[in-house]
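For the sequence shown, counting from 1, position 38 maps to 38 in the UniProt record's numbering; every step adds exactly one.
Backbone N, C-alpha and C fix where the C-beta goes; we use that ideal spot for every residue, glycine too.
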Amino acid sequence: MQMLKPLRTTDGINKGKRGLGKVWLAKDKAHRELLLDCVLKVNYSVQDFNKTIENGFSASPKDVVYLIVLADWIRDSYRRIKDCLRDDVANGFAFSDAAQLGCYWKFFKAIRSAVVAHPVGSSQHRDYGFDGSRICVDIRSKSFMDAFPMAKLSRLRIDGIEDAEYVRDEDVVLATYSTDFAEEGKLHFQRVCLDMADVRDAAELYIDALYELDQYVAGLKMRDFQ
Numbered sequence: 001m002q003m004l005k006p007l008r009t010t011d012g013i014n015k016g017k018r019g020l021g022k023v024w025l026a027k028d029k030a031h032r033e034l035l036l037d038c039v040l041k042v043n044y045s046v047q048d049f050n051k052t053i054e055n056g057f058s059a060s061p062k063d064v065v066y067l068i069v070l071a072d073w074i075r076d077s078y079r080r081i082k083d084c085l086r087d088d089v090a091n092g093f094a095f096s097d098a099a100q101l102g103c104y105w106k107f108f109k110a111i112r113s114a115v116v117a118h119p120v121g122s123s124q125h126r127d128y129g130f131d132g133s134r135i136c137v138d139i140r141s142k143s144f145m146d147a148f149p150m151a152k153l154s155r156l157r158i159d160g161i162e163d164a165e166y167v168r169d170e171d172v173v174l175a176t177y178s179t180d181f182a183e184e185g186k187l188h189f190q191r192v193c194l195d196m197a198d199v200r201d202a203a204e205l206y207i208d209a210l211y212e213l214d215q216y217v218a219g220l221k222m223r224d225f226q
């Protein structure tokens, strides 16, 4: 059982309708409605994420996939909120931790692809060991994977994949087969460890970016964009 810190809520977004709720910020009426719906989607996703982990996170395949999907909804909603803004408004914003956000995005894309989107054929994430030669067949906890001590063990980190010596109690373990030796007619069973705290931190960074965006637009005046 892993204790994950709850995600920051969106209660402070658009306080008094002085932030992202300003009518004139969006490209048009439809984009304004989409923007507000996306803010709500972040809010609901955060609530569902926190509800799932409130009594501790057990590495059940269902909850692993669910948390990754919720984190992706948060990320995608942030992106769409920015896209809804007028170009002259959006172009003036730069997240203070954009470099870190970029690192987390690369990591998260690899996790999302391997676990949710393309588990039997993730091929675009060479830095994270998923270059088309690895097939993810299951998601397991430490106790199950300890039964395969001879299988190669790797660990996914924010900046890539590395060899690992043991499975930590809090690890989620992806059961994979490598086809690196296909020319020999062999498949190699391998274990890939993942810490869901990294997925949680990726989601929180997008929430932080949303707060900064809200604070940025709160300081803008419509007369300066006419």
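Looking only at DSSP bridge pairs, what is HIS188 linked to?
-> According to DSSP, which records beta bridges pairwise, HIS188 is partnered with SER178.
Just reading off the alpha helix (DSSP H) that ARG80 is part of, what are its end residues?
-> From DSSP, the alpha helix (DSSP H) with ARG80 extends over 61-84.
Please list, in chain order, all residues of the same chain as ALA90 whose beta carbon is under 7 Å from its beta carbon, the five residues on each side excluded.
-> Take ALA90, set aside five residues on each side of it, and the residues of its chain with a beta-carbon closer than 7 Å to its own are LYS82, in chain order.
Terminal residues of the alpha helix (DSSP H) in which SER141 lies = Element bounds for SER141: not the alpha helix (DSSP H) but the beta strand (DSSP E), 134-141.
Distance CB(LEU213)-CB(PHE108) smaller than 7 Å | By the CB criterion at 7 Å, LEU213 and PHE108 fall outside the cutoff.
Rounded to whole angstroms, what's the CA-CA distance from LYS22 to ASP195? Just pull it up for me.
-> Going from the Cα of LYS22 to the Cα of ASP195 covers about 39 Å.
Which residues in the same chain as PRO61 place their Cβ atom closer than 6 Å to its Cβ, once the five residues preceding and following it in sequence are excluded?
-> These residues qualify, in order along the chain: ILE139.
What is the residue span of the beta strand (DSSP E) that ARG200 lies within?
-> Segment 196-218 is the alpha helix (DSSP H) holding ARG200; no beta strand (DSSP E) there.
So, VAL172 versus ALA59, is the Cβ gap smaller than 7 Å?
-> It is a contact, given that the beta carbons lie within the stated cut-off.
Closest to ASN14 by CA distance: which of LEU35, MET3, LYS27 is it?
-> Closest option to ASN14, Cα to Cα, is LEU35.
Whole-angstrom C-beta distance between ILE207 and LEU156, which should lie under 8 Å = With a Cβ gap of about 22 Å, LEU156 and ILE207 do not count as contacting.
When the Cα atoms are used, what is the spatial distance from MET1 to CYS84?
-> Here the alpha carbon of MET1 sits roughly 40 Å from the alpha carbon of CYS84.
Tell me ARG157's beta-bridge partners as DSSP assigns them.
-> Note: ARG157 sits in a beta bridge opposite GLY160.
Under 7 Å between C-beta atoms of ALA203 and ILE68 = Not in contact: ALA203 and ILE68 (Cβ atoms no closer than 7 Å).
SER122: buried (16+ other C-beta within 10 angstroms of its C-beta) or exposed?
-> No answer about SER122 holds up, because its pLDDT of 48 lies below 50 and its placement is not dependable.
If you draw a straight line from the C-alpha of LYS41 to the C-alpha of SER77, how long is it?
-> If you take the alpha carbons of LYS41 and SER77, they lie about 7 Å apart.
Figure out for me which residue from ILE135, LEU4, LEU174, VAL137 has the closest Cα to the Cα of LEU153.
-> Nearest to LEU153 by C-alpha distance, out of ILE135, LEU4, LEU174, VAL137, is LEU174.
Helix or strand or just coil, what does DSSP make of ALA29?
-> The sequence given here places Lys at residue 29; Ala does not occur at that position. Here LYS29 sits in helix by DSSP.
Smallest Cα separation from LYS17: which of CYS103, LEU220, GLN226?
-> By alpha-carbon distance to LYS17, the top candidate from CYS103, LEU220, GLN226 is LEU220.
Pair within 7 Å by beta-carbon distance, LEU7 and ASN50 = In this structure, LEU7 places its C-beta atom within 7 Å of the C-beta atom of ASN50.
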